[in-house]
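Engineer:
Number of protein chains: 2
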Amino acid sequence: MSDFWTKSGRAVVFDDDDMVDIAGATLDFSSTDDVPPLSSDMAWSRAGANGTGPGSLMDPLEDPVPGLGTYEDFNTIDWVREKSKDRDRHREVRVRSRRSTAALLHSISDAFSGWLLMLLVGLMAGALAGGIDIAAHWLTDMKEGICLDGFWFSHEHCCWKSSETTFKDRDRCPQWQTWGELITGTSEGAFSYILNYLIYIVWALFFAFLAVTLVRAFAPYACGSGIPEIKTILSGFIIRGYLGKWTLITKTVTLVLAVSSGLSLGKEGPLVHVACCCANILCHLFTKYRKNEAKRREVLSAAAAVGVSVAFGAPIGGVLFSLEEVSYYFPLKTLWRSFFAALVAAFTLRSINPFGNSRLVLFYVEFHAPWHLVELVPFIFLGIFGGLWGALFIKANIAWCRIRKTTRLGRYPIVEVLAVTAVTALVAYPNSYTRMSGAELISELFNDCSLLDSSQLCGYLQVGQTGIGNSLADRPAGPGLFTALWQLALALLFKMLITVVTFGMKVPSGLFIPSMAVGAIAGRLLGVGMEQLAYYNHDGLIFKGWCTPEADCITPGLYAMVGAAACLGGVTRMTVSLVVIMFELTGGLEYIVPLMAAAMTSKWVADAFGREGIYEAHIRLNGYPFLEPKEEFEHSSLAVDVMRPRRSDPPLAVLTQDSMTVGGVEALVESTRYSGFPVVVSQESPRLVGFVLRRDLLISIDNARKRQDGVVGASLVVFSEHPPAQAPDGPPPLRLRGIMDLSPFTVTDHTPMDITVDIFRKLGLRQCLVTHNGRLLGIITKKDILKHMAQIANRDPDSILFN
Amino acid sequence: MSDFWTKSGRAVVFDDDDMVDIAGATLDFSSTDDVPPLSSDMAWSRAGANGTGPGSLMDPLEDPVPGLGTYEDFNTIDWVREKSKDRDRHREVRVRSRRSTAALLHSISDAFSGWLLMLLVGLMAGALAGGIDIAAHWLTDMKEGICLDGFWFSHEHCCWKSSETTFKDRDRCPQWQTWGELITGTSEGAFSYILNYLIYIVWALFFAFLAVTLVRAFAPYACGSGIPEIKTILSGFIIRGYLGKWTLITKTVTLVLAVSSGLSLGKEGPLVHVACCCANILCHLFTKYRKNEAKRREVLSAAAAVGVSVAFGAPIGGVLFSLEEVSYYFPLKTLWRSFFAALVAAFTLRSINPFGNSRLVLFYVEFHAPWHLVELVPFIFLGIFGGLWGALFIKANIAWCRIRKTTRLGRYPIVEVLAVTAVTALVAYPNSYTRMSGAELISELFNDCSLLDSSQLCGYLQVGQTGIGNSLADRPAGPGLFTALWQLALALLFKMLITVVTFGMKVPSGLFIPSMAVGAIAGRLLGVGMEQLAYYNHDGLIFKGWCTPEADCITPGLYAMVGAAACLGGVTRMTVSLVVIMFELTGGLEYIVPLMAAAMTSKWVADAFGREGIYEAHIRLNGYPFLEPKEEFEHSSLAVDVMRPRRSDPPLAVLTQDSMTVGGVEALVESTRYSGFPVVVSQESPRLVGFVLRRDLLISIDNARKRQDGVVGASLVVFSEHPPAQAPDGPPPLRLRGIMDLSPFTVTDHTPMDITVDIFRKLGLRQCLVTHNGRLLGIITKKDILKHMAQIANRDPDSILFN
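Just so you know, the protein sequences line up as chains A and B, in that order.
Here the UniProt record's numbering is used: position 328 in the first sequence is 328, and no number is missing along the way.
Here the UniProt record's numbering is used: position 130 in the second sequence is 130, and no number is missing along the way.
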């Protein structure tokens, strides 16, 4: 039997899924959420979608019967209908614009509303990102000490205001005191250190507790990175409240807290979620976007670009990220608008200037030396490392998330978060590279050492002629550097382990920064190794010719950058957008080739262990109905093998066009759970006439019984154009042609499934009917396809939970 | 009557179209072209496309009956079948790879062949572009003089080798002599000037004559920019020989000649054509791409990116250009590969170093001053200018091309080219800004004046304190600058007029450089105007506060750049790719906002006068069957309004599944010109069974008559699975189920045309059958849709020439 409508209630969802508490909490919460959820008060007329056809009963600009044409929560939208509906609306606006000046102005404002919306999304997301950056800086520093001039200053701000400090020593000024210094009066001594250590852990635990409690109390959807869900939503799924007002507020606040608590997580993924929330909320200002699920998803695609744009200060990279990684339907118009919104957001962020350096980008890097072709070998090696780590991370993280779901661990999210935070703080504090925030760490690792650099990583020995020659020439490593290398190696191990258990906890958590940090540490270690190798073997076989003693031939910072790209690529499987984001950070085309080589190697290596990136893996873990647009359908099955009913099933439940009564229809609907019914000519001649959705049918019959005289159980339900001749004393027939989809999609039973999957993907279908020689045979839904694909891949087909 | 197959012969094409001579010459030429044309020796099995279905008779890796499944010239491919065929092939390769090590190696090499192909395309296109650059430089200089050290040196090369010149005066050295100097012995005097003038014109005419003659003699397809045709080919059309070996050679040589002749044309569009030729030729090395039209088009999309990448040194911009402007089907895999190929090509070009400055980009610009928000007003003004000019240019150019087509002018292409060259050379020589090549002109206009700059455009008066202060501060204009402005104004007028008649002549001609030149001149003029306004009114209302006397507040070079973007945007309607290309030239994110503002304004203004860019306008002029993916179908017609047969037409020609004889089928095929026939159950019950292509039907019957015993005119043609019971003495039936498409696409008669158009676009269909309640009603082809769209737009539906 076709389970075209299996989800009888949300209880099904609660029992066996990670979404249990999320969805459960939403239910409690939805009563307090006054923001219209993702698709509320959205109503459209299926008849309208049929244009001027005989079924067109309603005006596309007016609201028809309430609820008609809307979707249930946790269901998939029908892209074709939504887009057709928007075209009807647009046509109507255009026709009316010829009638009056007011309508003309409305038409013009309608045409520009998309751009205005983009402007607003850019401004809002940029402002929020700036606020998050500033707040996270402040709270992160709060863990270590306080500014005597005012507790609201971050460490950096505090010392800016101080006149007693130079730019070089800007992290040391009398106004800023660590907690230990404040209490004991001295910054020296074991007691002060231990005091600092303890207070650091206490703050971290406090922030983490606040974050997880707020998430649980106000918006369970605010946890995680949000990108898997946004991918699913963009592909046409509906999750009410996921992009609502409360999610936005909670995510913004808890993101700051989670980042400040020192956990191994970043804010880049969550920023995409925040930007999408902004876009979804702002959509409510414009009828065009409020009422159309497809149009709204175009805006959300652009918002995803905005999120990455503000996260890294890379607008072009953001647009490509949305195109490559997140979006499902990305027409050219969206490309232009995404680009515009990403630029607006980037400039809003720059004018807020959260990093205090007028830079747009998160890690500004400037390298002084070109790279040599031989260096491609270590770069590709980094790519292999990134790919291996990416594949391993995904497997480990998914396994851990499964443990969380299936064991008692999942019931105590607050305990889990606190435990991980405690371990992180305890281990991270003594090592300066783990104590600093992920973004700071990456910045330091990307940095190219100049002679004056006081950082430990630049602890080289000074040799030879001072003043003359290349001040950036390779130098031998000194004791400072050796210490740094040890600390980095330990930090690498720690980050690799802790990130696996951190990602997926019930706090907002991005994966970009931790992944990049792992790669950057590995890259820097390799880079320094190469540099020392080159210094001591500059006449050796490999280095001879391009690495003279006084040349700056190896740039360890570049290795860190390449390593970061490789690891991020291994985890997310991004390629072009990753390289472009990195390109925007450096602005030098020369470094594209190393980045490209590493990103490609990393993708190939990681793909060898499993084709899914971390986001796809989480989508599958949650059982969302996501039809991966990248993956080719390789199996050779036919439509007839996938369609319902199967051979052993009872026959397909169909309506006939003019021979069923209201009572008969109601009985059929009651006895099944399908979300839609094909309408055929008659039971004897099952030739397809149209398709009716269960929801529309129930609403219409209900409506007719209430408002229309004479509609009783014995009334004939007529879907045909001309009702059949009837006895004059019988009740008047109920004509429902208006709610019937007159153009259902059909394929023949012999259609190969690869073509069918292609049609589903490209057109964004919910269901498709199967015919043989013109007779209706069965139905294929998106869920059937996903189940079939799961079966082919030897996975549990019942892991696909939604329609 | 449906004209699903109107083109009975190419004579139809010749009579009323711009393609007359092109197509005509191809016919003559095709006999000498030994390169397999775009889709020769390509054979596939429709049965194979149906996977393991009952119709699967042939192995996808072997060649079936020759010709089966191939396409005629000037026809549209079926994307769905081609892709399905490739999936079958891939599946087969994978299955075999499990059997033996050799097959496994083949499978691996198959997987990487795409990347290898991209590498080769990048290398070849990069090398060719480098060669073209060097040769064009040399020949351009040849018009003015000669190097005494060797005639094969260009002016710049010649003076590099000279030790008597500094870098600043690198255009003056004793080794380089103008023709006048060489003959009269002095560079002064009217006689020498006139001699130079005359020799300049003679060279120009010689180059132009050579170019147009070579094009006519060897490859008529080599003329024009090639982008409209490439867009059409990428959308699924077949033009044999358009991307062949001879076209490549001829286009490369004549492009050099055309650019050197001093005509107002660029080499950027033709470079895209050259790169696509390289890709097409290299595709023949790999079975996977040689035999599949869809796969080959993926490679061609990447090649278009390569073309722009080498033209401007902008790999990311090139990829976005291909995505935004040229490509039809651009999956993510193609995005990665395009990016890779574009990078390889850019680096190949850089290692050839044709500009002699190690720069990757064509115009390297570095600006020193930021822009102020007030400047957005002139930038938007430039956008309006660009939009107006773009719209006007398209209208004028199309009108001129129509005149060429309809009057006697079209019969004398050589005379036309020579006349335009003569006028260009005559007018261009006296004005130094028109005499220099377009690329040089743009470079000079983009340049920011430093104090030491000796160019006329930097002829400012020196004022005030020397040495101290900002050396780039705004200064008052001097006499040199005034002369330059006059010359620029004249150059602007001239370029605007001559480009209209130049683009579309029978020589290779790109439009990027002339358009950018027009915009750059206008921008520079406005920029200098603004600068002087600011200098003399620095306390005025507008400039107060941000434009102090000693500040460098206006950068005229930036205005030139914004103007160039605006004009190019107006002509081509590019937006994101345009901005990204410009961004790659400067590398500064700050200037994206001005560029974006200008590009957007330009697009909006130009769109108000007509939605088509120059390439779409030329596609329509040539009657190619191109279904614009950007434009929305706005009309509210239904499938039943568009399908054939119309109400007054005779009924649809159909085959029945098991009741027609070979003779009957042949008679039906003979009496019609349709390219395909639906197969139905019977004449009385027209329920759809499948679809057979005319070409496949004819080949199969022909093949069967030759090879299969007992096939005579009275043999039954059977498309059904089980042949009907037959008299034992009759001839054996001819079973043709194998060539029938068992999964033809259908829509119902009530399907709105906007949805139908969407299906055609997204799936790349050739035709679609229309049903009503399961009965076959008619057929819609791509051509029917294009005709319908032309009719709605009040254009002549017969202007659509091809299927």
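The beta carbon of each residue, even a glycine, is placed where N, CA and C say it ideally should be.
Check this for me: beta carbons of A/Asp73 and A/Ile194, under 9 Å apart or not?
Structural biologist: Residue mapping note: residue 73 of chain A aligns to position 73 of the first sequence, counting from 1. Residue mapping note: residue 194 of chain A aligns to position 194 of the first sequence, counting from 1. No, the pair does not count as a contact, with Cβ atoms beyond the cut-off.
Engineer: Of all Cβ atoms in chain B, is any one closer than 9 Å to the Cβ of residue 804 of chain A?
Structural biologist: No answer is possible for residue 804 of chain A: the residues shown for chain A start at 1 and end at 803.
Engineer: Between the region 537-550 of chain B and the region 497-515 of chain B, do at least 3 Cβ pairs fall closer than 8 Å?
Structural biologist: Flag = no, the region 537-550 of chain B and the region 497-515 of chain B do not touch.
Engineer: Do we get a CB-CB distance below 9 Å when we pair B/Lys787 with the residues of chain A?
Structural biologist: For the purposes of this step, residue 787 of chain B is identified with residue 787 of the second sequence, where counting begins at 1. Answer no: the Cβ-Cβ gap between B/Lys787 and chain A never drops below 9 Å.
Engineer: Between A/Thr247 and A/Ala219, which are expected to be in contact by the criterion C-beta below 8 Å, what is the C-beta distance as a whole number of angstroms?
Structural biologist: Sequence index remark: in the first sequence, residue 247 of chain A carries index 247 (1-based). Sequence index remark: in the first sequence, residue 219 of chain A carries index 219 (1-based). Contact holds; Cβ gap of about 4 Å.
Engineer: On a Cα-Cα basis, can you pick out the residue from A/Ala551, A/Asp552, A/Glu590 that is closest to A/Val562?
Structural biologist: Numbered from 1 along the first sequence, position 562 holds the residue referred to as residue 562 of chain A. For A/Val562, the nearest C-alpha among the options comes from A/Glu590.
Engineer: Out of curiosity, what's the CA-to-CA distance linking B/Phe14 and B/Leu234?
Structural biologist: Along the second sequence, read from residue 1 onward, the residue named residue 14 of chain B stands at position 14. Along the second sequence, read from residue 1 onward, the residue named residue 234 of chain B stands at position 234. Here the model assigns B/Phe14 a pLDDT of 30, short of 50, so the residue's position is not dependable and the matter cannot be decided.
Engineer: Please go through the same chain and pick out, in chain order, the residues whose beta-carbon is closer than 6 Å to the beta-carbon of B/Asn280, but skip the five residues on each side of it.
Structural biologist: Mapped onto the second sequence, residue 280 of chain B falls at position 280. The answer, listed in chain order, is Leu243.
Engineer: Would you say A/Asn773 faces chain B, with C-beta separation under 9 Å as the test?
Structural biologist: The sequence position of residue 773 of chain A within the first sequence is 773, counting from 1. It does; some Cβ of chain B falls within 9 Å.
Engineer: Ends of the alpha helix (DSSP H) at A/Trp546?
Structural biologist: Sequence index remark: in the first sequence, residue 546 of chain A carries index 546 (1-based). Counting along the chain, A/Trp546 falls outside any alpha helix (DSSP H), and DSSP gives it neither H nor E.
Engineer: Around the C-beta of A/Gly114, are 16 or more other C-beta atoms found within 10 angstroms, so that it is buried, or is it exposed?
Structural biologist: Taking the first sequence and counting its residues from 1, one reaches residue 114 of chain A at position 114. That one is buried.
Engineer: For A/Ser327, which of A/Pro629, A/Leu734, A/Pro645, A/Met643 has the nearest alpha-carbon?
Structural biologist: In the first sequence, the residue the question calls residue 327 of chain A occupies position 327. Taking only the C-alpha atoms, the option nearest A/Ser327 is A/Pro629.
Engineer: Spatial neighbours of B/Lys267 within its chain, please: CB distance less than 6 Å, with the 5 preceding and 5 following residues excluded, ordered by chain position.
Structural biologist: Against the second sequence, residue 267 of chain B aligns to sequence position 267. Closer than 6 Å at Cβ, skipping near neighbours: Leu255, Val259, Gly510.
Engineer: Please confirm if the region 780-792 of chain A is in contact with the region 762-769 of chain A, defined as three or more CB-CB distances below 8 Å between the two stretches.
Structural biologist: Short answer: they touch.
Engineer: Quick check: the Cα distance between B/Val202 and A/Val121, rounded to an integer number of angstroms?
Structural biologist: On the second sequence, position 202 is the one that residue 202 of chain B refers to. On the first sequence, position 121 is the one that residue 121 of chain A refers to. Cα to Cα, the separation comes out at about 60 Å.
Engineer: Give the list of continuous beta strand (DSSP E) stretches no shorter than 3 residues that lie fully inside the region 236-313 of chain A.
Structural biologist: Here no run is fully enclosed.
Engineer: Can you find the residues in the same chain that come closer than 6 Å, C-beta to C-beta, to A/Val308, ignoring five residues on each side of it along the sequence?
Structural biologist: Position 308 of the first sequence, counting from 1, holds the residue named residue 308 of chain A. Answer for A/Val308: Gly318, Phe321, listed in chain order.
Engineer: If you measure from the beta carbon of A/Arg87 to each beta carbon in chain B, is any gap under 9 Å?
Structural biologist: Translated into the one-based positions of the first sequence, residue 87 of chain A becomes position 87. True, the Cβ-Cβ gap to chain B drops below 9 Å.
Engineer: Which residue comes first and which comes last in the alpha helix (DSSP H) that contains A/Cys567?
Structural biologist: Indexing the first sequence from 1 puts residue 567 of chain A at position 567. Unbroken alpha helix (DSSP H) run through A/Cys567: 556-572.
Engineer: Hey, would you say A/Leu595 sits closer than 9 Å to A/Phe583, going by beta carbons?
Structural biologist: The count along the first sequence starts at 1 and reaches residue 595 of chain A at position 595. The count along the first sequence starts at 1 and reaches residue 583 of chain A at position 583. A contact, by the Cβ cut-off of 9 Å.
Engineer: To the nearest angstrom, report how far apart A/Ile134 and A/Ser443 are at their CA atoms.
Structural biologist: The sequence position of residue 134 of chain A within the first sequence is 134, counting from 1. The sequence position of residue 443 of chain A within the first sequence is 443, counting from 1. Approximately 17 Å, taken between the alpha carbons.
Engineer: Does chain A have any CB closer than 9 Å to the CB of B/Val580?
Structural biologist: Against the second sequence, residue 580 of chain B aligns to sequence position 580. So yes, B/Val580 belongs to the interface.
Engineer: I need the straight-line Cα distance from B/Thr348 to A/Lys544, nearest angstrom please.
Structural biologist: Position 348 of the second sequence, counting from 1, holds the residue named residue 348 of chain B. Position 544 of the first sequence, counting from 1, holds the residue named residue 544 of chain A. About 24 Å.
Engineer: What residue range is occupied by the uninterrupted alpha helix (DSSP H) comprising B/Phe691?
Structural biologist: Position 691 of the second sequence holds residue 691 of chain B. From DSSP, B/Phe691 is part of no alpha helix (DSSP H) but of the beta strand (DSSP E) over 688-693.
Engineer: Using 9 Å as the limit for Cβ to Cβ distance, is A/Glu722 near chain B?
Structural biologist: Along the first sequence, one-based indexing puts residue 722 of chain A at 722. Looking at the sequence provided, one finds His at residue 722 of chain A rather than Glu. By this cut-off, A/His722 is not an interface position.
Engineer: In this structure, does DSSP put A/Cys147 in helix, strand or coil?
Structural biologist: Taking the first residue of the first sequence as 1, we reach residue 147 of chain A at position 147. Strand at A/Cys147.
Engineer: Give me the residue from A/Gln175, A/Leu205, A/Met118 with the minimum Cα distance to residue 808 of chain A.
Structural biologist: Chain A is shown from 1 up to 803; residue 808 of chain A falls before or after that span and cannot be answered.
Engineer: Is B/Val308 close to chain A, meaning its C-beta is less than 9 Å from at least one C-beta of that chain?
Structural biologist: Reading the second sequence from its first residue, position 308 is the one you call residue 308 of chain B. Not closer than 9 Å to any Cβ of chain A, the Cβ of B/Val308 fails to qualify, so no.
Engineer: Return the residues of the region 325-341 of chain B that lie within a Cβ-Cβ distance of less than 9 Å from chain A, sorted by chain order.
Structural biologist: Cβ contacts with chain A: Pro331, Leu332, Lys333, Leu335, Trp336, Ser338, Phe339, Phe340.
Engineer: What does DSSP give as the partner residue(s) for B/Trp400 in the beta ladder?
Structural biologist: Locating residue 400 of chain B in the second sequence gives position 400, where the first residue counts as 1. Its beta-bridge partners do not exist; DSSP assigns none.
Engineer: Within 9 Å (strictly less), CB to CB, does A/Arg687 reach chain B?
Structural biologist: Position 687 of the first sequence holds residue 687 of chain A. For A/Arg687, the answer is yes, since a Cβ of chain B falls inside 9 Å of its Cβ.
Engineer: Within the 9 Å Cβ cut-off, does B/Met600 reach chain A?
Structural biologist: For the purposes of this step, residue 600 of chain B is identified with residue 600 of the second sequence, where counting begins at 1. So, interface residue.
Engineer: Kindly indicate which three-state DSSP category B/Met42 falls into: helix, strand or coil?
Structural biologist: In the second sequence, residue 42 of chain B corresponds to position 42, counting from 1. In this predicted model, B/Met42 has a pLDDT of only 31, less than 50, meaning its place in the structure is not dependable enough to derive any value.
Engineer: Could you check if A/Tyr221 is buried or exposed, using at least 16 other CB atoms within 10 Å of its CB as the buried criterion?
Structural biologist: As a working note, residue 221 of chain A is residue 221 in the first sequence. Per the 10 Å Cβ criterion, buried.
Engineer: Taking only the alpha-carbon atoms, compute the straight-line gap between B/Leu688 and B/Leu776 and give it to the nearest angstrom.
Structural biologist: What you label residue 688 of chain B is simply residue 688 of the second sequence in a count that begins at 1. What you label residue 776 of chain B is simply residue 776 of the second sequence in a count that begins at 1. Between B/Leu688 and B/Leu776, the C-alpha separation is close to 6 Å.
Engineer: Can you confirm whether the region 309-316 of chain B touches the region 569-583 of chain B when touching is taken to mean that 3 or more C-beta pairs between the two stretches lie within less than 8 Å?
Structural biologist: Output reads yes: the region 309-316 of chain B touches the region 569-583 of chain B.
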